[in-house]
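Line by line, the protein sequences are chains F and A. Per the working numbering, the first sequence runs over residues 1 to 114. Per the working numbering, the second sequence runs over residues 1001 to 1112. Ideal Cβ placement from N, Cα and C applies to all residues, glycine included. None of these values were measured; they are calculated from a predicted model. Data block below; observations after.
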Amino acid sequence: GAGVSQSPSNKVTEKGKDVELRCDPISGHTALYWYRQSLGQGLEFLIYFQGNSAPDKSGLPSDRFSAERTGGSVSTLTIQRTQQEDSAVYLCASSLGRLSTEAFFGQGTRLTVV
Amino acid sequence: DQQVKQNSPSLSVQEGRISILNCDYTNSMFDYFLWYKKYPAEGPTFLISISSIKDKNEDGRFTVFLNKSAKHLSLHIVPSQPGDSAVYFCAASAWGNEKLTFGTGTRLTIIP
């Protein structure tokens, strides 16, 4: 596709349920990032994938959060046993990695935990 | 540990005047800096970047200045237009680690 695609665009879930958020990066981009933005906050780094290297998971806030990137393309961010504080906009971005740090963002998934 | 800081959460500027948004960083390993613009309900969009080998980069109405000794960068928008009203984030990365570290953002409002 022409840009980074995220689905769903909105997700409302009950506390304690698991959710999966999907990201389709720009074709050919080797780097993929997940960030989240809570209400009134900045962009909080979660995880970074670069090619076949081990992902940088240093931003994941707890072991309830995990992410995969299959075949170097699509990524899924999974949040288990969701809590109300997980409510935020989850943003995915991709870039050419070491060739260019300019990252292109998707429109985000707004997650609301009730 | 906030490595990239935007100390002004908001800024209002008259249309046609210059907007100056500031950003400070603490990590001396950062060597590439970017500005992103974000409208509500949209993802951030890339605006302009600068490498640490330069102290200025210009693109139309947008100019980014980098002062490495002060670990400070700024974004100048001139003349400011109503469509510039948005939240602006600065971001930084280090050679060999392309992870982008973002500031908390500055909400710019252009007053017609």
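Quiz item: When the cut-off is 7 angstroms and only beta carbons count, does Leu-43 (chain F) lie next to chain A?
Solution: The residue labelled residue 43 (chain F) in the question sits at position 43 within the first sequence. By this cut-off, Leu-43 (chain F) is an interface position.
Quiz prompt | Ser-1052 (chain A) to Lys-1068 (chain A) span [Cα, whole Å] | solution = For the purposes of this step, residue 1052 (chain A) is taken as the residue at position 52 of the second sequence. For the purposes of this step, residue 1068 (chain A) is taken as the residue at position 68 of the second sequence. Cα-Cα distance, rounded: 7 angstroms.
Quiz item: Along the chain, where does the beta strand (DSSP E) that runs through Trp-1035 (chain A) open and close?
Solution: Position 35 of the second sequence, counted from the first residue, corresponds to residue 1035 (chain A). Counting along the chain, the beta strand (DSSP E) containing Trp-1035 (chain A) begins and ends at 1030 to 1038.
Quiz item: Closer than 7 angstroms, CB to CB, is Thr-1104 (chain A) near chain F or not?
Solution: Position 104 of the second sequence, counted from the first residue, corresponds to residue 1104 (chain A). Closer than 7 angstroms to some Cβ of chain F, the Cβ of Thr-1104 (chain A) qualifies, so yes.
Quiz prompt | is_contact[Phe-1033 (chain A), chain F] using C-beta, thresh 7 angstroms | solution = By 1-based counting over the second sequence, the position of residue 1033 (chain A) is 33. Chain F, which has no Cβ nearer than 7 angstroms to the Cβ of Phe-1033 (chain A), makes this no.
Exercise. Please name the residues in the stretch 1026 to 1058 of chain A whose beta-carbon is closer than 9 angstroms to at least one beta-carbon of chain F, in chain order.
Key: Tyr-1032, Leu-1034, Tyr-1036, Lys-1038, Ala-1041, Glu-1042, Gly-1043, Pro-1044, Thr-1045, Phe-1046 and Ser-1049
Exercise. Starting from the Cα of Gly-3 (chain F), find the closest Cα among F:Leu-111, F:Val-113, F:Ala-93 and F:Arg-36 and give me that residue.
Key: Counting from 1 along the first sequence, the entry for residue 3 (chain F) is found at position 3. Among F:Leu-111, F:Val-113, F:Ala-93 and F:Arg-36, the Cα nearest to that of Gly-3 (chain F) is on F:Ala-93.
Quiz item: Between Lys-1005 (chain A) and Gly-1096 (chain A), what straight-line distance do the alpha-carbon atoms span, to the nearest angstrom?
Solution: Counting from one through the second sequence, the residue named residue 1005 (chain A) turns up at place 5. Counting from one through the second sequence, the residue named residue 1096 (chain A) turns up at place 96. If you take the alpha carbons of Lys-1005 (chain A) and Gly-1096 (chain A), they lie about 22 angstroms apart.
Quiz item: How close, in whole Å, do the beta carbons of Ala-1094 (chain A) and Asp-1031 (chain A) come, if the pair is a contact with beta carbons under 8 angstroms?
Solution: For the purposes of this step, residue 1094 (chain A) is identified with residue 94 of the second sequence, where counting begins at 1. For the purposes of this step, residue 1031 (chain A) is identified with residue 31 of the second sequence, where counting begins at 1. Yes, Ala-1094 (chain A) and Asp-1031 (chain A) are in contact; Cβ-Cβ is about 6 angstroms, under 8 angstroms.
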